[in-house]
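Input: a single structure, listed below in structure tokens.
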Amino acid sequence: MTLAPSVLAADFGRLEDHARQALDAGADWLHIDVMDGHFVPNISFGAPVMRGLRALADEFGAPLDVHLMIEDPDRYLDAFAEAGAATITVHQEACPHLHRTVQAIHDLGCLAGVALNPATPLVTLEEIAPDLDLVLIMSVNPGFGGQTFIPGSVDKVRRCRELLARTGSRAVIEVDGGVAPGNVRAVVEAGADVIVAGSAVFKGDVAENVAAFRRATATKV
Ligand code: DX5
Ligand code: ZN
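As structure tokens, then:
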């Protein structure tokens with residue numbers, strides 16, 4: 000399991016240091032939640048703040064995993080690529096010309112992901128799936144950290160795995176929202192490759208929190 004802590008839940012007054020604690024503890028990626036106050040009812044930060052994490056990410060070889068919860072993401076793809084994004088994920092609901100947007104992400108040299116809100120059916124990815132590097136299943140309604148995991152998301156992950164196999168897609172499945180040591184095993188067993196966690200990593204002792212995720216997903220002998 001790839002663990003991608005969401006820095007949205009970090010202390011922005013000491014962002015780099017807090018993110019470093021997660022990477023020191025063995026986290027794999029840094030998840031960058033960008034919110035515009037239009038697509039979602041909250042504003043977070045943009046490419047300049049993310050750029051401040053680039054040196055840290057490079058030091059650890061940790062990809063910056065950008066989740067754009069914004070309207071008209073095409074306008075900002077180059078800014079996030081330039082700021083060091085490894086993966087750029089856009090929302091299906093925000094992209095009327097999704098194929099063109101995915102192509103634009105690839106043309107910038109980044110991996111391309113598409114996120115689905117909880118009410119958006121998987122079938123909307125049927126045609127684009129073979130072109131994707133990542134599918135992000137939202138397990139809360141996007142906009143805020145610290146929300147409760149929507150239980151039906153586990154079955155959606157399982158069905159997403161089937162869709163990817165059926166369409167010949169090699170995309171990885173990422174799950175985002177309300178994931179914690181208590182439910183992560185079910186999410187991974189359903190087929191998730193990448194787990195995003197904000198509060199469950201950054202609230203309290205970061206090293207202990209990361210270790211709890213690893214224990215929860217360790218194979219029992
Ligand atoms: C929600 C964001 C998530 C969120 C996860 O809109 O996309 O990445 O920060 O935070 P937790 O793990 O606290 O639900
Ligand atoms: Zn996210």
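So the sequence shown is numbered by numbering that gives the first Met the number 0: it starts at 0 and just counts up by one. Backbone N, C-alpha and C define an ideal beta-carbon position, used for all residues, glycine too. A quick note: this is a predicted structure, and the numbers were derived from the prediction, not measured.
Distance, Cα to Cα, residue i vs residue j?
{"i": "residue 93", "j": "residue 204", "result": "36 Å"}
{"i": "residue 135", "j": "residue 21", "result": "21 Å"}
{"i": "residue 116", "j": "residue 181", "result": "22 Å"}
{"i": "residue 43", "j": "residue 35", "result": "7 Å"}
{"i": "residue 172", "j": "residue 13", "result": "30 Å"}
{"i": "residue 1", "j": "residue 25", "result": "10 Å"}
{"i": "residue 152", "j": "residue 58", "result": "34 Å"}
{"i": "residue 61", "j": "residue 29", "result": "7 Å"}
Tell me which same chain residues have a C-beta within less than 7 Å of the C-beta of residue i, skipping the five on either side of it?
{"i": "residue 76", "result": "87, 103, 104, 107"}
{"i": "residue 176", "result": "137, 138, 139, 146, 148"}
Could you spell out where the alpha helix (DSSP H) holding residue i opens and where it closes?
{"i": "residue 66", "result": "Taken as a continuous stretch (DSSP letters only), residue 66 belongs to no alpha helix (DSSP H), being part of the beta strand (DSSP E) at 63–68."}
{"i": "residue 183", "result": "183–188"}
{"i": "residue 16", "result": "14–23"}
{"i": "residue 200", "result": "198–201"}
{"i": "residue 92", "result": "It is not in any alpha helix (DSSP H) - residue 92 carries neither H nor E in the DSSP assignment."}
Please report the residue range of the beta strand (DSSP E) in which residue i lies.
{"i": "residue 29", "result": "29–34"}
{"i": "residue 1", "result": "1–4"}
{"i": "residue 175", "result": "171–175"}
Please list, in chain order, all residues of the same chain as residue i whose beta carbon is under 6 Å from its beta carbon, the five residues on each side excluded.
{"i": "residue 160", "result": "190"}
{"i": "residue 49", "result": "31, 82"}
{"i": "residue 46", "result": "78, 79, 82"}
Just to confirm the assignment: which complete beta strand (DSSP E) runs, minimum length 3, are found wholly within the stretch 102–154?
110–115, 133–137
Mind listing, in chain order, the residues whose beta carbon lies closer than 5 Å to a non-hydrogen atom of ligand 2?
32, 66, 175
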